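J.:
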Amino acid sequence: MKCLIVFGLIVALFGAFVGYGYVVFTDLTKPLPKPEFKDDTYWGPGDAKDFVPDDKIYEFKLQVPQSEIDDLRKELNRTLRLTDPLDGIAFEYGFNTYALAQFVDYWRDKYLTKWDERQELFNSFKQYKTEIQGLNIHYIHEKVSEEVQETKHVYPLLLLHGWPGSVREFFDFIPMLTKHSNITDYAFEVVAPSLVGYGWSDAATRPGFNAAEMATVMRNLMLRLGHKKFFIQGGDWGSIIGSNLATLYPENVIGYHSNMCVLHSPLAILKGIYGSFYPEKYLPNRFFVDHHFPVWDKWLELLQESGYFHIQATKPDTIGAALTSSPVGLASYILEKFQTCTNPGLQQDFGAIVTVFGLETVLDNLMVYYLTNSATTAARFYLENVSKEYRDLQLDRVQSPVPMGCARFRFDLPSVTDWQLRDKFPNLTHSMYFQQGSHFAALEMPAMLFNDFTAFVAKIGLHGEVRK
Numbered sequence: 001m002k003c004l005i006v007f008g009l010i011v012a013l014f015g016a017f018v019g020y021g022y023v024v025f026t027d028l029t030k031p032l033p034k035p036e037f038k039d040d041t042y043w044g045p046g047d048a049k050d051f052v053p054d055d056k057i058y059e060f061k062l063q064v065p066q067s068e069i070d071d072l073r074k075e076l077n078r079t080l081r082l083t084d085p086l087d088g089i090a091f092e093y094g095f096n097t098y099a100l101a102q103f104v105d106y107w108r109d110k111y112l113t114k115w116d117e118r119q120e121l122f123n124s125f126k127q128y129k130t131e132i133q134g135l136n137i138h139y140i141h142e143k144v145s146e147e148v149q150e151t152k153h154v155y156p157l158l159l160l161h162g163w164p165g166s167v168r169e170f171f172d173f174i175p176m177l178t179k180h181s182n183i184t185d186y187a188f189e190v191v192a193p194s195l196v197g198y199g200w201s202d203a204a205t206r207p208g209f210n211a212a213e214m215a216t217v218m219r220n221l222m223l224r225l226g227h228k229k230f231f232i233q234g235g236d237w238g239s240i241i242g243s244n245l246a247t248l249y250p251e252n253v254i255g256y257h258s259n260m261c262v263l264h265s266p267l268a269i270l271k272g273i274y275g276s277f278y279p280e281k282y283l284p285n286r287f288f289v290d291h292h293f294p295v296w297d298k299w300l301e302l303l304q305e306s307g308y309f310h311i312q313a314t315k316p317d318t319i320g321a322a323l324t325s326s327p328v329g330l331a332s333y334i335l336e337k338f339q340t341c342t343n344p345g346l347q348q349d350f351g352a353i354v355t356v357f358g359l360e361t362v363l364d365n366l367m368v369y370y371l372t373n374s375a376t377t378a379a380r381f382y383l384e385n386v387s388k389e390y391r392d393l394q395l396d397r398v399q400s401p402v403p404m405g406c407a408r409f410r411f412d413l414p415s416v417t418d419w420q421l422r423d424k425f426p427n428l429t430h431s432m433y434f435q436q437g438s439h440f441a442a443l444e445m446p447a448m449l450f451n452d453f454t455a456f457v458a459k460i461g462l463h464g465e466v467r468k
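Numbering (the UniProt record's numbering), first residue to last: 1 to 468.
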């Protein structure tokens, strides 16, 4: 009799444990409702009550004083006190100091001597500034010609960059989107802003400016320009911001296309672990397994390459002070990311950056950070996005009805599978795998990104309906 009682208690306890586990699992994995979110928070200097809004749009032209270029040349002309790399080491310990010295020489003696030419390239795009929520936002705004309007379907497009990128990433991509010469039936009125705290856009003056707040500013910028509905394309932070915008303001988004398809909800993480045991079951082709699996190896790679993330997410002003006070330090820090974002076969190659991106292109991007002194304010964005305030929004668990397109480039950060992505975007309309390319797709292979983006657009109606 006692044995029966003990057995009954064990069964009851096991049942209670299973039931409790089911409740916890369901609570952690179920979709959440869209949170209420304020869309007019003031982020500018001083007190909001003293602020006088200005909705005018002002033309912007890059005009760097020659004295500033001369000062940079003097900085780069100082004797470098660099430590030699270890014997047999290329870039395994970070950016190779022999390569860095060569970059500095070229930057000082060749690049800066043709700064007028580089500045002319920047100014070849129509640029503007306007005040949004107390911040002066810089953006490229390229419209299509009348000929294009008459022969193609034209849509507004919000292009979003990330770190350590800038609007410079899009200089080859934008003409493909706007010109009559593109081979598709579509063209785009492109708006490519400098993110808040990046480039020539103001930085927030108080804590709390996270990706949801950035998405709100970007959405309000598009509304300011008269675009109530628009496409979004983004990678890196641009992907996170685009996802947040499509989640918080789906009524404004025709479609959202990402070339960094990540998702960090509890259910997505569990699916990733489970999928690693049956990888081919959840992929369209066995050749794409190494985009996602083994999941443990992918996590190890992220851990090895995310040291910068931990620094910027904890003490951004510390690293910012080092970068803003030394152009050589800034170059080493940013060039190392571009070196890493080539591909594994080139990461230890001294010519990788030149081969994949082009020397002038990377130095143009570096100049954006140097001229705007934005290394610190850009780094702060990482801290804001690991804050409790942002994590409590749990936007990865809030479904968006917006049609979504995903382009996965082979050597980018590990993306999630369609099986995971549909938890967030049930209207996943377009999914593509590329066996080449890395993190800076618009910079490295703009034609491939263009083809994929327009293939996604072709599946979407004007009001966001999926075309059968």
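Backbone N, C-alpha and C fix where the C-beta goes; we use that ideal spot for every residue, glycine too. None of the values given here were measured: they were computed from a predicted structure.
(1) What does a CB cutoff of less than 7 Å around S374 pick up in its chain, not counting 5 residues either side in sequence?
(2) Return the chain-ordered list of same chain residues with a C-beta closer than 8 Å to the C-beta of W296, the five sequence neighbours on each side being excluded.
(3) Could you give the distance in angstroms between the alpha-carbon of A458 and the alpha-carbon of D54?
(4) Taking C-beta to C-beta, are M209 and M222 nearer than 8 Å?
(5) Can you tell which of Y58, V191, F125, H153 has the C-alpha that lies nearest to the C-alpha of I232?
(6) Closer than 8 Å is the cut-off here; do at least three beta carbon pairs connect the region 410-419 with the region 282-301?
(7) Could you work out which residue in T97, G226, M218 is closest to L86 when comparing CA atoms only?
(8) According to DSSP, R408 sits in a beta bridge with which residue or residues?
(9) Find the nearest neighbour of I241 within the set V217, D317, A90, judged by alpha-carbon distance.
(10) Please list, in chain order, all residues of the same chain as A407 whose beta carbon is under 6 Å from its beta carbon, the five residues on each side excluded.
(11) Express the C-alpha separation of S239 and N220 in angstroms, rounding to a whole number.
(12) Here's the rule: buried if 16 or more other CB atoms are within 10 angstroms of the residue's CB, otherwise exposed. What is F103?
(13) What are the start and end residues of each continuous alpha helix (DSSP H) run of 4 or more residues lying completely inside the region 300-359, in chain order?
(14) When burial is assigned at 16 or more other CB atoms within 10 Å of the CB, is T361 buried or exposed?
(15) Excluding the 5 residues preceding and the 5 following N343 in the sequence, name in chain order all residues of the same chain whose CB lies nearer than 7 Å to its CB.
(16) Which two residues bound the contiguous beta strand (DSSP E) that contains L159?
(17) What residues match up with N373 in a beta bridge as DSSP calls it?
(18) Taking 8 Å as the cut-off, decide whether the C-beta atoms of C261 and L421 are in contact.
(19) By alpha-carbon positions, which one of N365, K315, K281, A322 ends up nearest to V386?
(20) Just to confirm, are I174 and E147 a CB contact at a threshold of 8 Å?
(21) Mind checking which residues open and close the alpha helix (DSSP H) that includes S243?
(22) Could you name the residues that DSSP lists as bridge partners for G255?
(23) In the DSSP assignment, what are the bridge partners of I57?
(24) Quick check on the DSSP output: the alpha helix (DSSP H) that includes N220 runs from which residue to which?
(25) Tell me whether the beta-carbon of L160 lies closer than 8 Å to the beta-carbon of G234.
(26) Can you list, in chain order, the residues of its chain with a C-beta nearer than 7 Å to that of F456? Leave out the 5 residues immediately preceding and following it.
(27) Using a Cβ cut-off of 8 Å (strictly closer), state whether P175 contacts chain D.
(28) Quick check on the burial criterion: 16 or more other C-beta atoms within 10 angstroms. Buried or exposed for Q66?
(29) DSSP puts L383 in a beta bridge; with which residues?
(30) How many whole angstroms separate the CB atoms of P266 and T79, which I take to be in contact at a CB cut-off of 8 Å?
(31) Between L359 and the rest of its own chain, which residues show a CB-CB distance below 6 Å, the 5 nearest in sequence each way excluded?
(32) May I have the straight-line CA-CA distance separating M177 from D39, to the nearest angstrom?
(33) Which term fits Y274, buried or exposed, when burial requires 16 or more other beta carbons within 10 angstroms of its beta carbon?
(34) Determine, using beta-carbon pairs with one atom in the region 310-329 and one in the region 369-383, whether at least three such pairs fall under 8 Å.
(35) Can you tell me whether V23 is helix, strand or coil according to DSSP?
(36) For the structure I just gave you, are there three or more beta carbon pairs, one from the region 41-50 and one from the region 121-136, closer than 8 Å?
T.: So, from the listed chains and residues:
(1) G197, Y198, G199
(2) S276
(3) 37 Å
(4) Strictly speaking, residue 209 in this sequence is Phe, with Met absent from that position. In this structure, M222 does not lie closer than 8 Å to F209 by Cβ.
(5) V191
(6) yes
(7) T97
(8) Y433
(9) V217
(10) N259, M432, D452
(11) 18 Å
(12) buried
(13) 307-314, 316-324, 327-340, 352-356
(14) Of the other Cβ atoms in all chains shown, 16 or more fall within 10 Å of the Cβ of T361; this residue is therefore buried.
(15) These residues qualify, in order along the chain: F411, S438.
(16) 153-160
(17) Answer is none; N373 lacks a bridge partner.
(18) yes
(19) Among N365, K315, K281, A322, the Cα nearest to that of V386 is on K315.
(20) no
(21) 237-248
(22) F231
(23) BP columns for I57 point to T130.
(24) 211-224
(25) Their beta carbons are under 8 Å apart, which means L160 touches G234 by this criterion.
(26) Cβ within range, chain order: G255, H257, G405, T429, H430.
(27) The chain inventory of the structure shown lacks chain D, comprising one protein chain alone.
(28) exposed
(29) None; L383 has no bridge partner.
(30) Contact flag wrong, Cβ pair sits at about 53 Å.
(31) none
(32) For clarity, residue 177 is Leu in the given sequence; the question names Met instead. Between L177 and D39, the C-alpha separation is close to 29 Å.
(33) Exposed.
(34) yes
(35) Because V23 carries a pLDDT of 49, less than 50, the predicted location of this residue cannot be relied on, and the following value inherits that uncertainty. Three-state DSSP puts V23 in a helix.
(36) Output reads yes: the region 121-136 touches the region 41-50.
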